[in-house]
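Those letters in the sequence shown? Residues 1 to 373, per UniProt numbering, in order.
All C-beta atoms, glycine included, are put in the ideal place defined by N, C-alpha and C.
Here is the structure we will look at.
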Amino acid sequence: MIETLYADAYQASVQKVIANRQAIGAAFPQVVLEETGLYNRETVSYWTGGFWGGLLWLAYRASGEKSLFELACEIERIQDSALEEFTKLHHDVGFMWIPTAVFHHKMTGCLQSEIRGLKAAAILASRFHLNGRYLRAWNEEQRPDSSGLVIVDSLMNVPLLYWASKVTGDPGFRQIAEAHTDTVLKNFVREDFTVPHIMKFDSESGRVIGPVQGQGKSEDSAWSRGQAWAIYGFAAGYRETGKTVYLDAACRIAQRFYERLPEDRIPWWDFCAEGNERYAKDSSAACVAASGMLELAELLKEKKDKDKFKGWAKKILRNLITGYACFDNKNQGIITCGTVNYVKKRFINVPIIYGDFYFIEALGKLNGEVGVF
(Lines of atoms letter the chains of each structure in order from A; the text may use other names.)
(Lines give C-alpha, C1' and ligand atoms only; values in the text may rest on other atoms or scores of the structure.)
Protein backbone atom coordinates (compact mmCIF):
# COMPACT_ATOMS: atom_id res chain seq x y z
CA MET A 1 0.00 0.00 0.00
CA ILE A 2 2.78 2.41 0.94
CA GLU A 3 4.78 1.57 -2.21
CA THR A 4 1.71 2.33 -4.31
CA LEU A 5 1.50 5.72 -2.61
CA TYR A 6 4.95 6.69 -3.90
CA ALA A 7 4.39 5.26 -7.37
CA ASP A 8 1.08 7.09 -7.72
CA ALA A 9 2.63 10.34 -6.50
CA TYR A 10 5.48 9.95 -9.01
CA GLN A 11 3.07 9.50 -11.90
CA ALA A 12 0.81 12.32 -10.70
CA SER A 13 3.81 14.66 -10.43
CA VAL A 14 5.01 13.77 -13.92
CA GLN A 15 1.52 14.36 -15.29
CA LYS A 16 1.40 17.76 -13.62
CA VAL A 17 4.68 18.75 -15.27
CA ILE A 18 3.18 17.67 -18.59
CA ALA A 19 0.04 19.69 -17.84
CA ASN A 20 2.15 22.75 -16.93
CA ARG A 21 4.33 22.47 -20.02
CA GLN A 22 2.30 24.74 -22.26
CA ALA A 23 1.27 27.23 -19.58
CA ILE A 24 4.79 27.81 -18.25
CA GLY A 25 6.60 27.33 -21.54
CA ALA A 26 10.21 28.37 -22.07
CA ALA A 27 10.49 30.37 -18.86
CA PHE A 28 12.48 30.44 -15.63
CA PRO A 29 10.06 30.24 -12.69
CA GLN A 30 10.95 30.25 -9.00
CA VAL A 31 7.81 30.44 -6.83
CA VAL A 32 4.03 30.21 -7.14
CA LEU A 33 2.42 33.58 -6.44
CA GLU A 34 -0.38 33.37 -3.87
CA GLU A 35 -2.60 35.86 -5.70
CA THR A 36 -2.60 33.94 -8.99
CA GLY A 37 -1.62 30.36 -8.20
CA LEU A 38 0.84 30.60 -11.09
CA TYR A 39 4.61 30.36 -11.15
CA ASN A 40 6.40 33.70 -11.46
CA ARG A 41 9.04 34.49 -14.05
CA GLU A 42 12.68 35.22 -13.27
CA THR A 43 15.49 36.26 -15.60
CA VAL A 44 17.58 33.70 -17.44
CA SER A 45 20.55 34.51 -15.18
CA TYR A 46 18.71 33.92 -11.90
CA TRP A 47 20.12 31.05 -9.82
CA THR A 48 16.96 28.91 -9.99
CA GLY A 49 17.02 28.97 -13.78
CA GLY A 50 17.84 25.28 -14.16
CA PHE A 51 15.01 23.73 -12.20
CA TRP A 52 12.05 24.07 -14.59
CA GLY A 53 14.20 22.70 -17.39
CA GLY A 54 15.31 19.97 -14.98
CA LEU A 55 11.70 19.11 -14.18
CA LEU A 56 11.03 18.76 -17.90
CA TRP A 57 13.97 16.36 -18.24
CA LEU A 58 12.82 14.34 -15.23
CA ALA A 59 9.31 14.10 -16.64
CA TYR A 60 10.66 13.23 -20.09
CA ARG A 61 12.76 10.42 -18.63
CA ALA A 62 9.70 9.05 -16.86
CA SER A 63 7.20 9.45 -19.70
CA GLY A 64 9.01 9.66 -23.04
CA GLU A 65 6.75 12.60 -23.95
CA LYS A 66 8.46 14.25 -26.93
CA SER A 67 7.06 17.72 -26.25
CA LEU A 68 8.91 17.79 -22.92
CA PHE A 69 12.20 17.01 -24.69
CA GLU A 70 11.62 19.80 -27.20
CA LEU A 71 10.78 22.40 -24.56
CA ALA A 72 13.74 21.39 -22.38
CA CYS A 73 16.06 21.82 -25.37
CA GLU A 74 14.55 25.25 -26.09
CA ILE A 75 15.16 26.35 -22.50
CA GLU A 76 18.74 25.13 -22.73
CA ARG A 77 19.29 27.23 -25.85
CA ILE A 78 17.85 30.31 -24.14
CA GLN A 79 20.26 29.76 -21.25
CA ASP A 80 23.10 30.38 -23.70
CA SER A 81 22.43 34.10 -23.33
CA ALA A 82 23.35 33.88 -19.64
CA LEU A 83 26.65 32.21 -20.53
CA GLU A 84 27.32 34.91 -23.11
CA GLU A 85 26.46 37.75 -20.71
CA PHE A 86 28.71 36.05 -18.14
CA THR A 87 28.90 38.85 -15.55
CA LYS A 88 25.74 37.86 -13.65
CA LEU A 89 26.83 34.26 -13.11
CA HIS A 90 28.41 33.05 -9.88
CA HIS A 91 28.72 29.93 -7.69
CA ASP A 92 25.20 28.75 -8.62
CA VAL A 93 26.07 27.76 -12.18
CA GLY A 94 25.81 24.15 -10.99
CA PHE A 95 22.17 24.64 -10.04
CA MET A 96 21.61 26.24 -13.45
CA TRP A 97 23.32 23.73 -15.76
CA ILE A 98 23.44 20.39 -13.92
CA PRO A 99 19.65 19.84 -14.26
CA THR A 100 19.64 21.09 -17.87
CA ALA A 101 22.71 20.73 -20.10
CA VAL A 102 24.58 18.20 -17.96
CA PHE A 103 21.51 16.02 -17.40
CA HIS A 104 20.77 16.23 -21.13
CA HIS A 105 24.34 15.21 -21.95
CA LYS A 106 24.21 12.27 -19.55
CA MET A 107 20.98 11.02 -21.13
CA THR A 108 21.76 11.54 -24.81
CA GLY A 109 25.44 12.41 -25.23
CA CYS A 110 24.51 15.72 -26.88
CA LEU A 111 27.75 17.51 -27.80
CA GLN A 112 26.29 21.02 -27.57
CA SER A 113 25.00 20.26 -24.08
CA GLU A 114 28.47 19.03 -23.11
CA ILE A 115 29.97 22.31 -24.32
CA ARG A 116 27.44 24.31 -22.30
CA GLY A 117 28.16 22.30 -19.19
CA LEU A 118 31.91 22.72 -19.62
CA LYS A 119 31.55 26.49 -20.02
CA ALA A 120 29.59 26.58 -16.76
CA ALA A 121 32.21 24.40 -15.06
CA ALA A 122 34.98 26.74 -16.21
CA ILE A 123 33.10 29.67 -14.68
CA LEU A 124 32.73 27.82 -11.39
CA ALA A 125 36.38 26.75 -11.34
CA SER A 126 37.45 30.36 -11.94
CA ARG A 127 35.94 31.30 -8.57
CA PHE A 128 38.43 29.18 -6.65
CA HIS A 129 40.44 31.08 -4.03
CA LEU A 130 43.96 29.65 -3.94
CA ASN A 131 44.89 30.67 -0.39
CA GLY A 132 41.54 29.79 1.18
CA ARG A 133 40.90 26.72 -1.00
CA TYR A 134 37.24 27.62 -1.47
CA LEU A 135 34.78 28.69 -4.16
CA ARG A 136 33.63 32.24 -3.60
CA ALA A 137 29.88 32.83 -3.31
CA TRP A 138 27.97 35.51 -5.23
CA ASN A 139 29.16 38.71 -6.87
CA GLU A 140 28.86 42.24 -5.51
CA GLU A 141 25.63 42.63 -7.50
CA GLN A 142 23.90 39.86 -5.54
CA ARG A 143 25.40 40.67 -2.14
CA PRO A 144 27.62 43.66 -1.37
CA ASP A 145 30.94 42.74 0.23
CA SER A 146 30.61 39.16 -0.99
CA SER A 147 34.37 38.79 -1.27
CA GLY A 148 35.44 36.03 1.10
CA LEU A 149 31.98 34.55 1.55
CA VAL A 150 31.33 30.82 1.17
CA ILE A 151 27.90 29.21 1.47
CA VAL A 152 26.83 25.68 2.25
CA ASP A 153 24.66 25.60 -0.90
CA SER A 154 27.93 25.44 -2.85
CA LEU A 155 28.22 21.73 -2.08
CA MET A 156 25.38 21.14 -4.55
CA ASN A 157 27.23 22.99 -7.30
CA VAL A 158 30.57 21.17 -7.12
CA PRO A 159 29.20 18.00 -8.82
CA LEU A 160 29.46 20.11 -11.98
CA LEU A 161 33.24 20.04 -11.54
CA TYR A 162 33.37 16.28 -10.99
CA TRP A 163 31.39 15.78 -14.19
CA ALA A 164 33.67 18.15 -16.11
CA SER A 165 36.73 16.26 -14.88
CA LYS A 166 35.31 12.97 -16.16
CA VAL A 167 34.31 14.42 -19.52
CA THR A 168 37.59 16.22 -20.19
CA GLY A 169 40.00 13.91 -18.39
CA ASP A 170 41.34 17.00 -16.61
CA PRO A 171 41.88 16.28 -12.89
CA GLY A 172 42.01 20.01 -12.13
CA PHE A 173 38.22 20.30 -11.97
CA ARG A 174 38.03 17.41 -9.50
CA GLN A 175 40.88 18.79 -7.42
CA ILE A 176 39.11 22.13 -7.03
CA ALA A 177 35.89 20.36 -6.05
CA GLU A 178 37.68 18.27 -3.43
CA ALA A 179 39.64 21.19 -2.02
CA HIS A 180 36.46 23.24 -1.65
CA THR A 181 34.55 20.37 -0.03
CA ASP A 182 37.43 19.82 2.39
CA THR A 183 37.25 23.50 3.35
CA VAL A 184 33.50 23.34 3.94
CA LEU A 185 33.88 20.15 5.97
CA LYS A 186 36.58 21.70 8.16
CA ASN A 187 34.93 25.06 8.75
CA PHE A 188 31.16 24.56 8.51
CA VAL A 189 30.34 21.34 10.35
CA ARG A 190 29.75 22.05 14.04
CA GLU A 191 30.19 19.68 16.95
CA ASP A 192 26.43 19.05 17.01
CA PHE A 193 26.47 18.25 13.25
CA THR A 194 24.58 21.31 12.13
CA VAL A 195 25.94 23.85 9.64
CA PRO A 196 25.62 27.62 9.16
CA HIS A 197 24.50 29.12 5.88
CA ILE A 198 27.50 31.43 5.32
CA MET A 199 31.12 31.46 6.43
CA LYS A 200 33.37 34.51 6.05
CA PHE A 201 37.03 34.18 5.04
CA ASP A 202 39.69 36.84 4.68
CA SER A 203 39.67 37.58 0.97
CA GLU A 204 43.46 37.97 0.82
CA SER A 205 44.92 35.38 3.18
CA GLY A 206 42.04 32.91 3.00
CA ARG A 207 41.94 32.67 6.81
CA VAL A 208 38.54 31.77 8.22
CA ILE A 209 36.89 34.63 10.13
CA GLY A 210 33.59 33.09 11.21
CA PRO A 211 29.92 32.50 10.40
CA VAL A 212 27.67 35.23 9.03
CA GLN A 213 23.89 35.29 9.17
CA GLY A 214 22.28 34.45 5.87
CA GLN A 215 18.86 32.88 5.49
CA GLY A 216 18.96 31.31 8.93
CA LYS A 217 17.63 32.84 12.14
CA SER A 218 21.17 33.72 13.21
CA GLU A 219 24.75 32.87 12.37
CA ASP A 220 24.58 30.14 15.03
CA SER A 221 21.23 28.62 14.04
CA ALA A 222 20.37 25.69 11.77
CA TRP A 223 18.64 26.92 8.62
CA SER A 224 16.77 23.84 7.48
CA ARG A 225 17.49 24.03 3.76
CA GLY A 226 21.16 24.57 4.53
CA GLN A 227 21.21 21.32 6.48
CA ALA A 228 19.57 19.59 3.51
CA TRP A 229 22.13 21.00 1.06
CA ALA A 230 24.88 19.66 3.32
CA ILE A 231 23.34 16.17 3.50
CA TYR A 232 23.04 15.82 -0.26
CA GLY A 233 26.24 17.73 -1.05
CA PHE A 234 28.52 15.67 1.19
CA ALA A 235 26.84 12.47 -0.06
CA ALA A 236 27.61 13.52 -3.63
CA GLY A 237 31.18 14.32 -2.60
CA TYR A 238 31.62 10.81 -1.22
CA ARG A 239 30.09 9.27 -4.33
CA GLU A 240 32.62 11.08 -6.53
CA THR A 241 35.74 10.70 -4.36
CA GLY A 242 35.26 7.76 -2.00
CA LYS A 243 36.43 9.96 0.90
CA THR A 244 34.73 8.48 3.95
CA VAL A 245 34.94 11.75 5.90
CA TYR A 246 32.33 13.14 3.50
CA LEU A 247 30.10 10.11 3.99
CA ASP A 248 30.39 10.36 7.76
CA ALA A 249 29.49 14.06 7.70
CA ALA A 250 26.48 13.46 5.46
CA CYS A 251 25.19 10.65 7.68
CA ARG A 252 25.62 12.60 10.91
CA ILE A 253 24.02 15.77 9.54
CA ALA A 254 21.15 13.67 8.16
CA GLN A 255 20.60 12.01 11.53
CA ARG A 256 20.61 15.38 13.30
CA PHE A 257 18.17 16.72 10.70
CA TYR A 258 15.75 13.83 11.07
CA GLU A 259 15.85 13.74 14.87
CA ARG A 260 14.87 17.42 15.08
CA LEU A 261 11.91 17.25 12.71
CA PRO A 262 8.47 18.11 14.08
CA GLU A 263 5.72 15.52 14.22
CA ASP A 264 4.74 15.89 10.56
CA ARG A 265 8.39 15.37 9.45
CA ILE A 266 8.47 18.67 7.53
CA PRO A 267 10.90 21.20 9.04
CA TRP A 268 10.32 24.79 9.92
CA TRP A 269 12.43 27.24 7.93
CA ASP A 270 15.01 27.05 10.73
CA PHE A 271 15.35 24.34 13.36
CA CYS A 272 15.92 27.10 15.94
CA ALA A 273 12.64 28.85 15.09
CA GLU A 274 10.42 29.48 18.11
CA GLY A 275 6.82 30.46 18.81
CA ASN A 276 5.15 32.32 15.96
CA GLU A 277 8.23 31.85 13.77
CA ARG A 278 7.20 28.24 13.38
CA TYR A 279 4.25 29.06 11.14
CA ALA A 280 6.76 29.15 8.28
CA LYS A 281 7.60 25.69 7.01
CA ASP A 282 10.15 24.81 4.37
CA SER A 283 8.95 21.82 2.43
CA SER A 284 11.77 22.34 -0.07
CA ALA A 285 14.26 21.46 2.67
CA ALA A 286 12.32 18.23 3.23
CA CYS A 287 12.45 17.42 -0.50
CA VAL A 288 16.20 18.05 -0.75
CA ALA A 289 16.92 16.10 2.44
CA ALA A 290 14.80 13.13 1.33
CA SER A 291 16.63 12.95 -1.99
CA GLY A 292 19.96 13.26 -0.18
CA MET A 293 19.04 10.47 2.25
CA LEU A 294 18.13 8.22 -0.68
CA GLU A 295 21.54 9.01 -2.16
CA LEU A 296 23.10 7.90 1.14
CA ALA A 297 21.02 4.72 1.16
CA GLU A 298 22.44 3.88 -2.25
CA LEU A 299 26.02 4.58 -1.20
CA LEU A 300 26.15 2.87 2.20
CA LYS A 301 27.30 -0.75 2.35
CA GLU A 302 25.55 -2.14 5.44
CA LYS A 303 21.91 -3.12 4.95
CA LYS A 304 20.84 -1.70 8.30
CA ASP A 305 22.32 1.67 7.37
CA LYS A 306 20.75 1.57 3.92
CA ASP A 307 17.38 0.72 5.44
CA LYS A 308 17.64 3.48 8.04
CA PHE A 309 18.22 6.33 5.61
CA LYS A 310 15.81 4.99 3.01
CA GLY A 311 13.19 4.61 5.74
CA TRP A 312 13.68 8.19 6.90
CA ALA A 313 13.43 9.48 3.33
CA LYS A 314 10.23 7.53 2.74
CA LYS A 315 8.63 8.87 5.92
CA ILE A 316 9.40 12.42 4.85
CA LEU A 317 8.10 11.77 1.33
CA ARG A 318 4.97 10.09 2.64
CA ASN A 319 4.12 13.16 4.70
CA LEU A 320 4.87 15.45 1.78
CA ILE A 321 2.50 13.40 -0.37
CA THR A 322 -0.31 13.22 2.16
CA GLY A 323 -0.01 16.70 3.65
CA TYR A 324 1.69 19.05 1.21
CA ALA A 325 1.27 17.80 -2.36
CA CYS A 326 -1.04 19.46 -4.87
CA PHE A 327 -1.61 17.22 -7.87
CA ASP A 328 -4.65 19.09 -9.22
CA ASN A 329 -4.80 22.44 -11.02
CA LYS A 330 -5.44 24.67 -8.00
CA ASN A 331 -1.96 26.06 -8.53
CA GLN A 332 0.98 25.25 -10.77
CA GLY A 333 3.21 24.02 -7.96
CA ILE A 334 3.40 20.44 -6.73
CA ILE A 335 4.65 20.83 -3.15
CA THR A 336 3.18 23.61 -1.02
CA CYS A 337 4.64 25.43 2.00
CA GLY A 338 8.17 26.16 0.91
CA THR A 339 9.93 29.23 2.27
CA VAL A 340 12.48 31.11 0.20
CA ASN A 341 13.73 33.59 2.80
CA TYR A 342 11.94 34.06 6.13
CA VAL A 343 14.48 36.62 7.37
CA LYS A 344 13.65 38.97 4.49
CA LYS A 345 9.98 37.87 4.47
CA ARG A 346 10.26 36.70 0.87
CA PHE A 347 7.85 34.02 -0.35
CA ILE A 348 6.75 32.18 2.80
CA ASN A 349 4.72 28.94 2.67
CA VAL A 350 4.46 28.76 -1.12
CA PRO A 351 5.41 26.17 -3.75
CA ILE A 352 9.02 26.60 -4.90
CA ILE A 353 10.42 25.22 -8.15
CA TYR A 354 13.40 23.47 -6.54
CA GLY A 355 11.09 21.84 -3.99
CA ASP A 356 9.11 20.36 -6.88
CA PHE A 357 12.34 19.29 -8.60
CA TYR A 358 13.87 17.44 -5.66
CA PHE A 359 10.50 15.89 -4.78
CA ILE A 360 10.23 14.29 -8.22
CA GLU A 361 13.92 13.40 -8.22
CA ALA A 362 13.47 11.59 -4.88
CA LEU A 363 10.39 9.71 -6.09
CA GLY A 364 12.33 8.75 -9.20
CA LYS A 365 15.08 7.28 -7.02
CA LEU A 366 12.49 5.13 -5.26
CA ASN A 367 11.48 4.01 -8.75
CA GLY A 368 15.05 2.92 -9.53
CA GLU A 369 16.21 6.03 -11.38
CA VAL A 370 19.59 7.65 -10.72
CA GLY A 371 19.78 11.14 -9.27
CA VAL A 372 20.54 14.25 -11.27
CA PHE A 373 23.09 15.77 -8.90
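CA-CA distance, W57 to S205, rounds to 42 Å.
The stretch 36–51 and the stretch 360–370 do not touch, with fewer than three beta-carbon pairs separated by less than 8 Å.
Judged by beta-carbon spacing, G237 lies within the 8 Å limit of T181, meaning their Cβ atoms are closer than that value. In terms of Cα proximity to T336, the closest of A235, A285, L366, F309 is A285.
Taking all protein chains in view, the Cβ of N329 is surrounded by fewer than 16 other Cβ atoms within 10 Å, so the residue is classified as exposed.
L149: member of the beta strand (DSSP E) spanning 149–151, first to last residue. Rounded to the nearest whole angstrom, the C-alpha separation of Q227 and F309 is 15 Å. If the five residues before and after L155 are omitted, its C-beta is found closer than 8 Å to the C-beta atoms of T181, V184, W229, A230, Y232, G233, F234, A236, G237, all from its own chain and listed in chain order. Excluding its 5 nearest sequence neighbours in each direction, G292 has C-beta neighbours in its own chain below 6 Å: I231, Y232, A235, listed in chain order. For a cut-off of 8 Å, the C-beta gap from L320 to C287 is around 7 Å, short enough to register as a contact. Secondary structure of I115 (DSSP, three-state): helix. L83 is not a Cβ neighbour of R136, given a cutoff of 8 Å.
Its chain contains A280, T339, Y342 as the residues whose beta carbon lies nearer than 7 Å to that of I348, once the 5 sequence neighbours on both sides are disregarded; these appear in chain order.
CA-to-CA, the gap between C73 and D270 works out to about 36 Å. P99 is positioned such that its CB atom lies closer than 8 Å to that of G53. Cα atoms of F103 and A164: separation of roughly 12 Å, rounded to the nearest angstrom.
Non-local C-beta neighbours of A254 in its own chain, meaning closer than 6 Å and more than five positions away in sequence, comprise I231, M293, ordered along the chain. Annotation for K200: the continuous beta strand (DSSP E) segment containing it runs 198–201.
Distance from the Cα of D356 is smallest, within the candidate group V14, V245, D153, for V14. Here the C-alpha atom of I353 lies approximately 7 Å from the C-alpha atom of P29. Residue Q215 holds the alpha-carbon nearest to the alpha-carbon of H197 among Q215, R190, K186.
Beyond the five residues adjoining it in sequence on each side, L247 comes within less than 8 Å, by CB distance, of F234, A235, Y238, L296, L299, L300 in the same chain, given in chain order. Secondary structure within the stretch 95–174: the alpha helix (DSSP H) runs of 4 or more consecutive residues, fully enclosed, are 103–108, 111–125, 159–168 (chain order).
The beta carbon of I316 lies closer than 7 Å to those of R265, A286, A289, A290 in the same chain, with the five residues before and after it left out.
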